[in-house]
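Asker: Let me begin by handing over the structure; questions about it come next.
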Amino acid sequence: MLVPMPPLPSRYRLRQQFDRRKLGDPAAVLAERLRSSPAMAGLRPGMRVAITAGSRGINHVGEL
């Protein structure tokens, strides 16, 4: 005996567009943004932190 299929939800076609601008010196921009971040105020020398980021589309992510 077959079980009836529930109705499928509505679907929509979407297109995601990414910012394609390039940074002249990504490491320098990252360092400056980290220095100016309010989140850095609570960090002291010797503390350990974890940093995560998606790497798709980021060249040389290991260097950053």
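Just so we're aligned, residue 70 is where the sequence shown starts under this note's numbering, counting upward by one.
C-beta atoms are modelled at their ideal positions from N, C-alpha and C, and glycine is treated no differently.
Excluding five sequence neighbours on each side, which residues of the same chain lie with their C-beta closer than 8 Å to the C-beta of V130?
Answerer: A122, S124
Asker: Could you check what DSSP says for V98 in three-state terms: helix, strand or coil?
Answerer: helix
Asker: If you scan the segment 76-123 from start to end, which runs of the alpha helix (DSSP H) of 4 or more residues do you find wholly inside it?
Answerer: Taking only runs of at least 4 residues, the alpha helix (DSSP H) segments lying wholly in the segment 76-123 are 95-104.
Asker: State the Cα-Cα distance for the pair P78 and M70, rounded to the nearest angstrom.
Answerer: 25 Å
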